[in-house]
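Q:
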Amino acid sequence: MTLPLLAYRPTTQNHRVRTFGRAELNEDSPRIYRLENVGTPDEMNGLIWAAYRQIFSEHVILKSCRQVTLESQLKNRAITVRDFIRGLAQSNPFYRLVVATNNNYRLVDVCLRRILGRQAYNQAEEITWSIRIATQGFNGLVNELVDSDEYTENFGDNTVPYQRRRMEGRPFNLVTPRYGSDYRAKVGIGQIDWNHVLIRYYQKRAQERIQMFPQAGDPEQYRTLARRVETRPQSNPAVTVKELDFLAKVPRRR
1 MTLPLLAYRP TTQNHRVRTF GRAELNEDSP RIYRLENVGT PDEMNGLIWA AYRQIFSEHV
61 ILKSCRQVTL ESQLKNRAIT VRDFIRGLAQ SNPFYRLVVA TNNNYRLVDV CLRRILGRQA
121 YNQAEEITWS IRIATQGFNG LVNELVDSDE YTENFGDNTV PYQRRRMEGR PFNLVTPRYG
181 SDYRAKVGIG QIDWNHVLIR YYQKRAQERI QMFPQAGDPE QYRTLARRVE TRPQSNPAVT
241 VKELDFLAKV PRRR
C-alpha cells in the first residue's frame with residue numbers, strides 16, 4: 001500500500017504569481033524550448049542539449065552521460081519531451097552523479113529545481129517528498145514529479161522544464177553544486193579560498209598588462225636587444241713580424 005503524501009502548505013514564491021502581459025520579458029527571462037517549434041535538425045539538437053543542461057545542470061555534458069537511445073526516440077517523435085526528461089532523470093549517470101552523492105532532503109530540492117523548475121517551498125515539503133523516496137524509491141519520486149498536475153500545467157508533454165520566473169538571483173545550475181556540503185566534507189573537498197583565487201587572478205592580469213603596455217625604462221624592453229649582443233670572444237688572426245711593413249709606416253721627408 002502506497003502512503004499518501006503528507007499535507008504541506010505551499011508558500012508564496014515568484015513562480016506562483018500570475019503574469020500580466022509580457023512586461024516581464026528581459027535578459028533574465030528563460031529561453032523556452034518546445035517540440036512544436038522544432039523544424040530542423042539543429043533546432044532538435046538545441047532542444048536535446050537544453051534538456052541535458054536542465055536535468056544534469058552541467059555546462060559541458062560528458063559523453064558518458066548521453067542517452068543515445070532516448071535521443072533517437074525523441075528525434076523520431078516516438079516519445080515526448082516529458083518521457084525524455086523522465087529517462088534522463090532515471091538514467092544511470094544521473095543516479096551515479098547526483099542521487100548517490102546526496103541525502104534525500106537535498107535530492108528532493110535538486111529534483112524540484114530541475115524537473116519542476118522551482119525550489120522547495122519549505123522544509124515540510126522536503127520531508128514529504130523524502131518519505132516518498134523512502135517508500136517508492138528514487139524512480140518513484142521522478143514519476144510522481146513528471147506526472148504531477150504542476151508539471152502538466154507548466155510544461156505539458158512537449159516543453160523542456162526551465163526555471164520559472166527568476167526575478168532575482170542566479171540560475172539554479174550556478175548556485176546548486178552537484179555535491180552537498182555533507183558529501184564534500186565526507187570526501188575531503190574543502191571550501192574554496194576565494195580571496196586567494198582573486199589575488200592570483202589580479203596578479204596574473206597585472207603581469208599581462210605589463211607585457212602588453214611596458215613602461216618607459218622598463219628592463220623588459222631591452223631584453224630582446226641584449227640577447228642580440230654577441231658576447232663570445234672573437235679570435236684575431238696571428239700576425240708575424242715578417243708580415244709587417246715597417247718602412248711603409250715611416251713617414252717620408254720631402
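Every letter in the sequence shown is one number past the one before it in the UniProt record's numbering, and letter 118, counting from 1, is 118. For every residue, glycine included, the Cβ atom is placed at its ideal position computed from N, Cα and C.
Per DSSP, Arg34 forms a beta bridge with which residues?
A: DSSP, once it has assigned bridges, lists Thr159 as partnering Arg34.
Q: If we call anything under 8 Å between Cβ atoms a contact, is Arg164 one with Arg118?
A: yes
Q: How should Glu208 be labelled, buried or exposed, when 16 other C-beta atoms within 10 angstroms of its C-beta is the threshold for buried?
A: exposed
Q: So, at 7 Å on beta carbons, what are the nonlocal neighbours of Gly87 in its own chain, with the 5 sequence-adjacent residues on each side left out?
A: Gln67 and Leu70
Q: Pro41 by DSSP, collapsed to three states: which one?
A: Judged by DSSP in its simplified three-state form, Pro41 adopts helix.
Q: Quick check on Thr152: buried or exposed, where buried means 16 or more other Cβ atoms within 10 Å of its Cβ?
A: exposed
Q: Can you say whether Ile85 is buried or exposed, counting buried as having 16 or more other CB atoms within 10 angstroms of its CB?
A: buried
Q: Report all residues from its chain with a CB closer than 8 Å to the CB of Tyr95; omit the five preceding and five following residues, and keep chain order.
A: Phe138
Q: Excluding sequence positions up to five away, which residues of its chain have a Cβ less than 6 Å from the Cβ of Gln90?
A: Asn139 and Val142
Q: Of all the alpha helix (DSSP H) runs that stay within the bounds of the segment 64-129, which reach a length of 4 or more residues?
A: 68-75, 81-89, 92-97 and 104-111
Q: Does DSSP put Val142 in a helix, in a strand, or in coil?
A: helix
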